[in-house]
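Numbering-wise, the sequence shown is residues -22 to -1, 1 to 423 according to mature numbering (1 follows the signal peptide of the UniProt record, and there is no 0). Backbone N, C-alpha and C define an ideal beta-carbon position, used for all residues, glycine too. Input: a single structure, listed below in structure tokens.
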Amino acid sequence: MDVRMMFLYATALLILAGGTQSTPVPGKFSFEVTAKIEVLCVHVSYSVAINCKTNDPSANVSLSLPKHLPSHNLPSLQGRLKRNGAIFTIQKAILHDGGKYYCVAEKNGKVIKREIYLYVAGIPNLSIVPYMSKRVPKGSNVIYTCKAHNATVCDNLQWSKVNGLMNDVSVTSPWNNNGVWETELEIEKAAFAHSGRYKCELSYHQDLLAEDEVEVTVSVLKSEGVCDFVPAPEDVKITTSSPSPIWVNNPVQELRIRCVATGFPYPTFTWQKDGKVIENCEIHEECAKTKRYLLTSYGLKIVQPHYPDDNGKFSCVARNAMGTDRRDFDVIIPVKPVLKKSVQTMYPWSPGRKEPLSIPCVLQQGATPDVTFTWQRQLIIYDIKLLQNIAKNDDKFEIISSPNHTGSVLKIVSFPQPSRVSFVCNAANSKGSDKMTFELAEMSY
């Protein structure tokens, strides 16, 4: 069953489920959720809870998984299916988790079950057509269409006015157009009060999945084309921006960095990456088919962000004739450290050696966030390995860290006596860790 058919099937089930509610009979063994068919929706990488509670806490409750799931993909086998009493939660859902589940409860030999249909949608994407902000004459009509791709029947798609009321503004109820949910915002006979920013949001319960916004400015034009209403010059000011730093912990199709400014004349925007100007390519232009950095009405869109290309400082610079404003955004794409293995790991030494010996431990490539290096001394006595942390103030050793967190050097000042000794270099950050062992080989003359 393809995604569109699954979507239509889920929609039909949701409509059907709306008419199959029943009232629990007092004293009768039953589930807490009374719908005979329950439709649940979730997006990829989000979590969803399945309620299998009954009116008898002593009942033996279980969750039957869809039979179509291959054994290697079962949430329980991947450790993503968590249980808290009679509540089963699928964490970090994937598309193959979708299907028909059953809550099964048993009490005194009596078995009851109820059906749950789980619809899993891809990563949502939202856009406004036309995407650009508008300056319109007073009395004209304005129409914007908000389109939500990979939305579900359980999501909420709605318009709102930023810092204002939606007075005399018509909004259509969301409808499905060949798998894309759409809703229109229409302003008839625009007045000055209609000026402002309008935002479209896609949400699921309390989670904001995607958003976009446009700005409408209403002015008065005389018949001869001379503007009778001209805003007073106004300094440029960035009024809406994404928080910084921006962590990209999981693979995403796109990353949106929001940067919206006010001012008159209307500001122009320049984006920079680590101080270098990003080539302008607007989302509707031909270059958008090949470029990964795209200018939009809300700021900058990065297509399929990945390390290390998109890790760094992005800057939004808004300018008009009255001034300049700027916002910096640190984009952090966590990557676990990987140590360079093609290095010397065996170091000769002889008893009585007095010259210090330096052992470098370096990363194969950069990692984020910054890596912390630690060293351990490993003694082997009668085939028993003993690990001992090396302190930075140890008078027998000196630990030297690189200024850019890409490596560490263990400098041995006073040599150990045991003939079998090695040192372990540990590199770690919040994403993961790696380690290497360096051995000292005693040389006899």
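Classification of residue i by the beta-carbon crowding that lies within 10 angstroms, buried from 16 upward
{"i": "W137", "result": "buried"}
{"i": "N404", "result": "buried"}
{"i": "T161", "result": "buried"}
{"i": "A239", "result": "buried"}
{"i": "R236", "result": "buried"}
{"i": "L143", "result": "exposed"}
{"i": "F170", "result": "exposed"}
{"i": "C265", "result": "exposed"}
{"i": "D133", "result": "buried"}
{"i": "E420", "result": "exposed"}
{"i": "T(-3)", "result": "Unreliable positioning characterises T(-3) in this predicted model, as indicated by a pLDDT of 40, which lies under 50. A coordinate reading is not provided."}
{"i": "T1", "result": "Any reading at T1 must be qualified, since the residue scores a pLDDT of 46, below 50, and its modelled position is unreliable; the value itself is stated next. That one is exposed."}
{"i": "T384", "result": "buried"}
{"i": "P152", "result": "buried"}
{"i": "A99", "result": "buried"}
{"i": "T415", "result": "exposed"}
{"i": "P48", "result": "Only weak support is given to the placement of P48: the predicted model assigns it a pLDDT of 49, under 50, and the question is left unresolved by the model."}
{"i": "K279", "result": "buried"}
{"i": "I94", "result": "buried"}
{"i": "D75", "result": "buried"}
{"i": "E263", "result": "exposed"}
{"i": "G330", "result": "exposed"}
Beta-bridge partners of residue i, as assigned by DSSP
{"i": "H127", "result": "N103"}
{"i": "M324", "result": "E417"}
{"i": "H21", "result": "A99"}
{"i": "F292", "result": "K251, F307"}
{"i": "K85", "result": "K88"}
{"i": "D185", "result": "Y182"}
{"i": "Y176", "result": "K139, V192"}
{"i": "G77", "result": "L96"}
{"i": "V238", "result": "T218"}
{"i": "D412", "result": "A405"}
{"i": "V313", "result": "Beta-bridge pairing links V313 to no other residue."}
{"i": "E212", "result": "F242"}
{"i": "F351", "result": "A405"}
{"i": "G301", "result": "N298"}
Residue of the options minimising C-alpha distance to residue i
{"i": "F401", "options": "K413, N407, K409", "result": "K413"}
{"i": "residue 450", "options": "V349, W159, V321, K85", "result": "Look at the range of the chain in this structure, -22 to 423, and you will see that residue 450 is not part of it."}
{"i": "N382", "options": "S36, P283, L341", "result": "L341"}
{"i": "K91", "options": "R355, E257, E10, V316", "result": "E10"}
{"i": "P315", "options": "W327, N298, Y285, S328", "result": "Y285"}
{"i": "S173", "options": "V114, K125, V226, P221", "result": "V114"}
{"i": "L73", "options": "G253, P44, K85, D34", "result": "P44"}
{"i": "P243", "options": "A406, N298, L186", "result": "N298"}
{"i": "T302", "options": "G241, N289, N258", "result": "G241"}
{"i": "G344", "options": "D306, A406, S328", "result": "A406"}
{"i": "F292", "options": "N62, N227, D252", "result": "D252"}
{"i": "P338", "options": "E232, M324, N155", "result": "M324"}
Contact check, residue i vs residue j, beta carbons under 8 angstroms
{"i": "I377", "j": "T346", "result": "no"}
{"i": "A64", "j": "V39", "result": "yes"}
{"i": "V194", "j": "S111", "result": "yes"}
{"i": "V387", "j": "P334", "result": "no"}
{"i": "D308", "j": "P223", "result": "yes"}
{"i": "Y79", "j": "L41", "result": "yes"}
{"i": "V158", "j": "A188", "result": "no"}
{"i": "residue 427", "j": "T246", "result": "In the structure as shown, the chain starts at -22 and stops at 423, and residue 427 therefore has no counterpart that could be examined."}
{"i": "residue 424", "j": "V281", "result": "Since the first residue of the chain shown is -22 and the last is 423, residue 424 is not available in this structure."}
{"i": "Y109", "j": "I216", "result": "no"}
{"i": "P102", "j": "L163", "result": "no"}
{"i": "E212", "j": "V140", "result": "no"}
{"i": "T67", "j": "A129", "result": "no"}
{"i": "A13", "j": "K85", "result": "no"}
{"i": "residue 490", "j": "L357", "result": "In the structure displayed, the chain extends from -22 to 423; residue 490 sits before or after that span and is not available."}
{"i": "S219", "j": "R305", "result": "yes"}
{"i": "S23", "j": "K60", "result": "no"}
Continuous beta strand (DSSP E) stretch holding residue i: start and end
{"i": "C339", "result": "335 to 340"}
{"i": "I28", "result": "26 to 29"}
{"i": "N38", "result": "38 to 42"}
{"i": "residue 426", "result": "The question about residue 426 has no answer here: the residues shown for the chain are numbered -22 through 423."}
{"i": "S111", "result": "Neither: S111 is in no beta strand (DSSP E) and is coded neither H nor E."}
{"i": "I261", "result": "Careful: I261 lies outside any beta strand (DSSP E) and carries neither H nor E."}
{"i": "T67", "result": "65 to 68"}
{"i": "residue 430", "result": "Residue numbering for the chain in the displayed model covers -22 to 423; residue 430 lies beyond these limits and cannot be assessed."}
{"i": "R331", "result": "Where R331 is concerned, there is no enclosing beta strand (DSSP E), given that its DSSP letter is neither H nor E."}
{"i": "T161", "result": "158 to 165"}
{"i": "K279", "result": "277 to 281"}
{"i": "A72", "result": "One detail in the question is off: residue 72 reads as Ile in this sequence, not Ala. Per DSSP, I72 belongs to no beta strand (DSSP E) and is neither H nor E."}
{"i": "E376", "result": "375 to 379"}
{"i": "N154", "result": "153 to 155"}
{"i": "V387", "result": "385 to 390"}
{"i": "N62", "result": "59 to 62"}
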